[in-house]
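Novice: Questions regarding the structure given below will be posed in turn.
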Amino acid sequence: MMRKLYLAILSAAAMLSLPFNASAVVDSGEPVRLVNAPEQDDVFQIEEILQSIPTPLEISVLIQEVGTVYRRSDLNNPDMVNRYSRTIKKALNLGVYGTDLGYANIYGKNQDALSYLNSVQKLADDLGVGAFFDYQTIKKLAESKGNLDELITQTTLNFEKINTHLRERKREEISVLTLTGGWIEAIYLTAMINERENNDLLKKKIGDQRLVLDRLLLVLDIYNDKDGFADLIKDLTSLQEVYAQIEVIETEGEPEMREEDGVLTVVQGKKTEVKVTDDDIRKITVLLRSLRNKIIR
Amino acid sequence: MKNIIGLFVIGVMAFFFAPQQVNAQCSTELYVTKSMKALSKGYQFSKSYRIDGRNGTRKTIKYTCVFAKDTSYEIAMRGQDGDAEGMIATLYDAKRNKQITSFIGNKFHNSWRFKCTATGIYYLHFTFKDSKSYCGAAVLGFKR
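Chains A and B are the protein sequences, given in the same order. First residue of the first sequence? That's -15 in our numbering, and the numbers climb one at a time after it. First residue of the second sequence? That's 267 in our numbering, and the numbers climb one at a time after it.
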C-alpha cells in the first residue's frame, strides 16, 4: 500500500515536471506529498532518483581539503565485516566501507585502503555483486602507491557499476541502502571532524544535505515493509525534521560565461546560502552518531 | 520460377542485413573510458552517463543531478562520430532554465564546466544534431 502510494507520488512529480524540484522540496519546508497520480514507469522514477545521488567522494574531498588529520578510528572497523549477517546490514555497510575506502584513498593510506577493499569485496560477494567490483585492479593500484588519482577513479567507477547492475537487476532496494550507507558515513565523518575542529566549511556542508536526504527517503519509503527498513526510515525522518528547520536563502543573479583553460565555462548567477546554526549541527551530530552506530554494530 | 528466386534473394538479404540494423549496438563503455581520459587535470571523476540514441530513435537522453554549491563540475564527452561530434550536452536548473550547452556557434564542444553556486537539482540532457552513430558517453568530474 505504502509502496503504491510512493510510486504514485514519484509518478505525479514527474508528470508535473517537479520531480524532486528543489523549490518543491527545499522552499516549502515539507517533502512533496502528492496523491491520485497517473500511472508512470515506476522503475524509471526510482532509477532517476538513485542515479542522481552524488558520490560521497565529494564530501571526503572537502574534509581533506580543509586540512584535517586522518584518523582511522573515525572510520568503521574493517574486521567488523563478518558480523553483518542480515541483507540490510550488508548493503548499508557496503556503502559505509565504500566511503571509508574512498576516504583512505584520498589520504593515501594504502594499507587501510587494502583492508577496506577486502571488506567491500566480502560484502559485494555476499550480495551477489562481487563480479562487478574489480578487486584485483584496485588492489594493484593500492599496492603500487603510484597513481592515487587512478585508484580513486577506479574505486568510484566500480561502485557505480555495482549500483548500475543492482538497478538493472531490479534490486533497487539494495542500491538505495548502499547509497544511504555511503552518504551517512560521509556526513558522519564530517560531523565528527567538525566536532573536533569547529570548521565553518564543514558546518555548511553538513547543513547543505537536505536535498540528498529527501531523495534517499523518497526511495527508502517505497520499501518500508521490508526487513529493517522501518527503523532506518524512522531515524532518517528524525534527521529530516532537523533539516527542515534549516533556512536556505536563494538569491537570483546573472550567469557569466567565459573560457577557462580552453574549456567553455559558466559561473552560475543564482546563489544559495544555508543558514545552519550550531544548535542545528549539534542536533544533526547527535542523530548521526546514533544512526551510524546502529548501522555498524 | 523467377518470382521464387526473387523472394529467396530478398529473404537472404533480409536475413543478413536486417538483424545488423536492429542490433547495431552502442558500446558506451568504450566512450566512458575515452571521456574519463578527457577530464581536465584536477577534476575528480564522479559519474558516467551512457548516451545511446538507439540509432536515432531516442532524441533526448535525460539524467538528473544533485549539484552542490561552491563546486565546479566538468562534463567531458566522447562519441563514435569522433570527439563529441553530433552530440550536445545541455544543463538546466530545477526551473528548467538553461545553464550551459556544449553546442555554441555551430560548434560541438567536447566539454564544459559549470561553477555551481546554488545547491539543487539539475537536469542534464544529451541530444543529437546531424549524428551518424547516435552513440557515445560522458563523464562528470568535480573540483572544489
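Yeah, the Cβ is synthetic: ideal placement off N, Cα and C, and Gly gets one too.
In chain B, which residues lie with their C-beta within 9 Å of the C-beta of Glu32(A)?
Specialist: Reading the first sequence from its first residue, position 48 is the one you call residue 32(A). Within 9 Å Cβ-Cβ: Lys328, Tyr329 and Thr330.
Novice: Should Ser36(A) be flagged as near chain B, meaning a C-beta pair shorter than 8 Å?
Specialist: Indexing the first sequence from 1 puts residue 36(A) at position 52. So yes, Ser36(A) belongs to the interface.
Novice: From which residue to which residue does the beta strand (DSSP E) around Arg324(B) run?
Specialist: Taking the first residue of the second sequence as 1, we reach residue 324(B) at position 58. It is not in any beta strand (DSSP E) - Arg324(B) carries neither H nor E in the DSSP assignment.
Novice: Between which residues of its own chain and Arg410(B) is the CB-CB distance below 8 Å, once the five residues before and five after are set aside?
Specialist: As a working note, residue 410(B) is residue 144 in the second sequence. For Arg410(B), where only same-chain residues beyond five positions count, the Cβ hits under 8 Å are Asp336, Thr337 and Ser338.
Novice: Just the C-alpha distance for Cys292(B) and Arg320(B), rounded to the nearest angstrom, thanks.
Specialist: Locating residue 292(B) in the second sequence gives position 26, where the first residue counts as 1. Locating residue 320(B) in the second sequence gives position 54, where the first residue counts as 1. When rounded, the distance between both Cα atoms is 8 Å.
Novice: When the cut-off is 8 Å and only beta carbons count, does Thr356(B) lie next to chain A?
Specialist: Reading the second sequence from its first residue, position 90 is the one you call residue 356(B). No - not a single Cβ of chain A is within 8 Å of the one on Thr356(B).
Novice: Report the three-state DSSP secondary structure of Ser7(A) (helix, strand or coil).
Specialist: Taking the first sequence and counting its residues from 1, one reaches residue 7(A) at position 23. Unreliable positioning characterises Ser7(A) in this predicted model, as indicated by a pLDDT of 29, which lies under 50. A coordinate reading is not provided.
Novice: Take Thr393(B) and list the residues in its own chain whose beta-carbon comes closer than 6 Å to its own, dropping the five residues that flank it on each side.
Specialist: Here the question's residue 393(B) lines up with position 127 in the second sequence. Excluding sequence neighbours, Thr393(B) sits near Thr326 and Ile354.
Novice: Buried or exposed for Phe28(A), please, with buried defined as at least 16 other CB atoms from any protein chain shown within 10 angstroms of its CB.
Specialist: Looking up residue 28(A) in the first sequence gives position 44. When all chains shown are included, Phe28(A) counts as exposed.
Novice: In the region 129 to 196 of chain A, which residue ranges form an unbroken alpha helix (DSSP H) of at least 4 residues, counting only runs that do not cross its ends?
Specialist: The region 129 to 196 of chain A contains these whole alpha helix (DSSP H) runs: 132 to 152, 156 to 181 and 184 to 191.
Novice: Suppose the cutoff is 7 Å on Cβ atoms and the five residues either side in sequence are ignored; what does the same chain contact list for Asp359(B) look like?
Specialist: For this step, residue 359(B) is matched to residue 93 along the second sequence. For Asp359(B), where only same-chain residues beyond five positions count, the Cβ hits under 7 Å are Gln365, Gly386 and Tyr388.
Novice: Determine the extent of the alpha helix (DSSP H) in which Phe408(B) is found, giving its start and end residues.
Specialist: Working through the second sequence from its first residue, we reach residue 408(B) at position 142. From DSSP, Phe408(B) is part of no alpha helix (DSSP H) but of the beta strand (DSSP E) over Cys401 to Lys409.
Novice: Helix, strand or coil for Thr39(A) per DSSP?
Specialist: As a working note, residue 39(A) is residue 55 in the first sequence. Three-state DSSP puts Thr39(A) in coil, outside helix and strand.
Novice: Taking the alpha-carbon of Ser222(A) as reference, which of Arg151(A), Val270(A) and Leu173(A) has the nearest alpha-carbon?
Specialist: Translated into the one-based positions of the first sequence, residue 222(A) becomes position 238. Comparing Cα positions, the closest option is Val270(A).
Novice: Thr299(B): which of Gly348(B), Arg344(B) and Lys395(B) sits nearest, CA to CA?
Specialist: If you number the second sequence from 1, residue 299(B) lands on position 33. Nearest C-alpha to Thr299(B): Arg344(B).
Novice: Kindly give me the distance between the Cβ atoms of Ala97(A) and Ala88(A), rounded to whole angstroms, as I take these residues to be in contact under 8 Å.
Specialist: Position 113 of the first sequence holds residue 97(A). Position 104 of the first sequence holds residue 88(A). Confirmed, Cβ separation roughly 4 Å.
Novice: Is it true that the CB of Ile146(A) sits closer than 8 Å to the CB of Val196(A)?
Specialist: Within the first sequence, numbered from 1, the residue matching residue 196(A) stands at position 212. Within the first sequence, numbered from 1, the residue matching residue 146(A) stands at position 162. Contact: no.
Novice: Helix, strand or coil for Ile33(A)? Go by DSSP, reduced to three states.
Specialist: One-based indexing of the first sequence puts residue 33(A) at position 49. The answer is helix: DSSP assigns Ile33(A) an H, G or I state.
Novice: Keeping to the same chain, check which residues put their C-beta closer than 6 Å to that of Leu390(B); ignore five residues upstream and five downstream.
Specialist: The count along the second sequence starts at 1 and reaches residue 390(B) at position 124. Answer for Leu390(B): Tyr329, Cys331 and Leu357, listed in chain order.
Novice: Please report how far the alpha carbon of Asp456(B) lies from the alpha carbon of Arg242(A), in whole angstroms.
Specialist: Residue numbering for chain B in the displayed model covers 267 to 410; residue 456(B) lies beyond these limits and cannot be assessed.
Novice: What separation, rounded to the nearest whole angstrom, lies between the Cα atoms of Ser159(A) and Val50(A)?
Specialist: Position 175 of the first sequence, counting from 1, holds the residue named residue 159(A). Position 66 of the first sequence, counting from 1, holds the residue named residue 50(A). The straight-line gap from Cα to Cα measures roughly 30 Å.
Novice: Who are the neighbours of Asp245(A) on chain E, taking C-beta pairs under 7 Å?
Specialist: Although the question refers to chain E, the structure presented lacks it and instead comprises the protein chains A and B.
Novice: Evaluate Gln105(A) with the Cβ neighbour count: other Cβ atoms within 10 Å of its Cβ, from every protein chain shown; 16 or more gives buried, anything less gives exposed.
Specialist: Here residue 105(A) corresponds to residue number 121 of the first sequence, with the count starting at 1. Per the 10 Å Cβ criterion, buried.
Novice: Sort Asp318(B), Lys303(B) and Ser312(B) by Cα distance to Lys398(B) and report the nearest one.
Specialist: Mapped onto the second sequence, residue 398(B) falls at position 132. Among Asp318(B), Lys303(B) and Ser312(B), the Cα nearest to that of Lys398(B) is on Asp318(B).
Novice: Are the beta-carbon atoms belonging to Phe311(B) and Cys382(B) less than 8 Å from one another?
Specialist: Counting from one through the second sequence, the residue named residue 311(B) turns up at place 45. Counting from one through the second sequence, the residue named residue 382(B) turns up at place 116. No, the Cβ-Cβ distance between Phe311(B) and Cys382(B) is not below 8 Å.
Novice: Tell me whether Lys187(A) is buried or exposed, calling it buried when 16 or more other Cβ atoms sit within 10 Å of its Cβ.
Specialist: Counting from 1 along the first sequence, the entry for residue 187(A) is found at position 203. That one is buried.
Novice: Kindly indicate which residue of Asn142(A), Glu179(A), Asn61(A) and Lys278(A) has the alpha-carbon position closest to the one of Lys267(A).
Specialist: In the first sequence, the residue the question calls residue 267(A) occupies position 283. Nearest option by C-alpha distance: Glu179(A).
Novice: Let me know the secondary structure DSSP gives Thr261(A) once reduced to three states.
Specialist: In the first sequence, counting from the first residue as 1, residue 261(A) sits at position 277. Thr261(A): coil per DSSP, three-state reduction.
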